[in-house]
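So the structure is just underneath, and the comments pick up after that.
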Amino acid sequence: MNAHYKSLICAATMLALSAVTAEAQVTYVDADTSNQPGTTNTTWADGSAFTPPMMGGTVPADNQWWERTGFANGGDILAVNGGSDVPVIRTTISGLTPGASYDVFVYYWWADTFGNGQWDLGAGFTQAGITHFLYDDGSPITTPFANGPILIVEGNRDMYEYYVGCTNATPAGTIDVYIDDNPGNDDRSWYDGVGTASSSCPGGNVGSNYCTAANNSSGAPGVMSATGSDVAAANNLTLRASSLPLNQFGIFVTSRMQGFVPGAGGTSNGNICLGGAIGRFTLGSQIVSSGTTGEFALPIDLTMIPQGSGVVTVLAGDTWNYQAWHRDQTGLGSNFTDGLQIVFN
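Residues in the sequence shown are numbered from 1 upward in steps of one, following the working numbering.
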């Protein structure tokens, strides 16, 4: 790419990022593994204990995470050698306001004096939704953190931030961020932590997750989310289910009431998180497939919500609950995601 055009793109990216962070300062959260009992917030993607080897200057074998000590915030960095492809890990941010919206960032280090200078990474709110990016898709830190001082320059290295997106905290006040290296990159990855800033999430995620989903045949539980607006009159809402088994058909279901039926009464691998009258989005193209990404989405018409033998209109003040029901490759052949509650304004 022409250097002049690349500089313009970088400048535009930094301007956009500064607009995102202008509303509130970012609170930094250092990634701590099971090597730091008591402060652990980083696990394997499935939530199991993540205890990478701890080393100083010694470089371990490829294709594994390792905790390199003596560097960055907290005195350690989660590193991956160049040319590797490692399993996904997950950092959980806690202590947030339940249901509140946050801009979320990932923090990593870069130095242009080593290798090809591309200390790349990947991040997302679900394992299937990870975006892999080059180091210069992010930006160097220019705004103080809310909980500083945070180390942003060390030796010949700079800490960079990448905007993951806007999402809502769970009812437990948490947000999960899934982290990956950038497979195929021939240089290293240095992951340090994540950060949040209060936000209104315009056009972003809406709703609050609830209920416990069972693991499906992908090895993870399915996750519900929605984007658009919780303003009923705007009629702008897209439902999404992620972390699903690949190439499986499914539908979205909805109810005004929540419930919990383990194993759907012995007919499914998953749990029904709805109660009362349950409507199914099954008209024509409303039956969707998880394809090769393990997720599916459906824009819905808030004036055509299925209930009983007809449809109803969502009104301001209404509360609706949503869930995805999908085919599974083991057991009883179907499963459910967790539930998503949306209070409409």
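C-beta atoms are modelled at their ideal positions from N, C-alpha and C, and glycine is treated no differently.
According to DSSP, Ala241 shares a beta bridge with Met224, Phe296. Here the alpha carbon of Tyr160 sits roughly 14 Å from the alpha carbon of Ala123.
Val88 is not a Cβ neighbour of Trp65, given a cutoff of 8 Å. Residue environment analysis places Phe344 among the buried positions, since at least 16 neighbouring C-beta atoms fall within 10 angstroms of its C-beta.
When the beta-carbon positions are compared, Ile152 and Ile141 come within less than 8 Å of each other. Beta bridge pairing from DSSP links Leu340 with Asn209, Tyr322. Comparing C-alpha distances from Asp136 to each of Ile300, Leu302, Ser189, Ala146 shows the shortest one belongs to Ser189. Looking at the backbone, the Cα of Thr212 and that of Glu295 are separated by about 18 Å. When rounded, the separation of the alpha-carbon atoms in Asn168 and Asn205 is 6 Å. As the crow flies, the alpha-carbon of Ser48 is around 14 Å from that of Pro37.
The alpha carbon of Leu298 has as its nearest neighbour, out of Ile287, Trp109, Gly339, the alpha carbon of Ile287. Bridge partners of Leu121 according to DSSP: Phe133. The beta carbons of Asn321 and Thr267 sit about 20 Å from each other, so the pair does not count as a contact at 8 Å. Pairwise C-beta distances place the segment 259-278 out of contact with the segment 228-248, as fewer than three of them are shorter than 8 Å. In the structure shown, Gln286 adopts helical secondary structure according to DSSP, grouped into three states. For the pair Arg327 and Phe249, the CB atoms are nearer than the 8 Å cut-off. The segment 270-288 and the segment 227-236 do not touch, with fewer than 3 CB-CB distances between them shorter than 8 Å.
Here DSSP, grouped into helix, strand and coil, assigns Ala232 to helix.
DSSP, reduced to helix, strand and coil, places Gly195 within a strand of the structure shown.
Under the three-state reduction of DSSP, Pro183 is assigned to coil, being neither helix nor strand. Within the same chain, Cβ atoms closer than 7 Å to the Cβ of Asn63 are found at Ser84, Asp85, Val86, the five residues on either side in sequence being excluded. Short of 7 Å from the beta carbon of Phe105, and not among the five residues preceding or following it, lie these beta carbons of its own chain, in chain order: Val26, Glu161, Tyr162, Tyr163, Val164, Val194, Gly195. The beta carbon of Met304 sits closer than 7 Å to those of Val311, all from its chain and outside the five residues before and after it, given in chain order. Taking the Cα of Val177 as reference, the smallest distance to any Cα among Ile342, Val314, Tyr210, Phe125 is reached at Phe125.
Counting along the chain, Asn168 sits inside the beta strand (DSSP E) bounded by residues 157-168.
Gly222 is positioned such that its CB atom lies closer than 8 Å to that of Ala324.
Residue pairing by DSSP places Phe249 opposite Ser289 in a beta bridge. Separation of Leu78 and Pro53 (C-alpha to C-alpha, rounded to the nearest whole angstrom) is 10 Å. Residue pairing by DSSP places Leu332 in no beta bridge whatsoever.
A residue is called buried when at least 16 other Cβ atoms come within 10 angstroms of its Cβ; Pro98 does not meet this threshold and is exposed. The residues Ser255, Met257, Gln258, Gly259, in chain order, have a CB closer than 7 Å to that of Gly275 in the same chain once the five nearest residues on each side in sequence are set aside. For Asn271 and Ser290, the gap between their C-alpha atoms comes out near 19 Å. CA-to-CA, the gap between Asp120 and Ser139 works out to about 12 Å. Just so you know, the alpha carbons of Ala197 and Ala128 end up roughly 24 Å apart. Look at Pro60 here: in three-state DSSP terms it is coil, with no helix or strand label.
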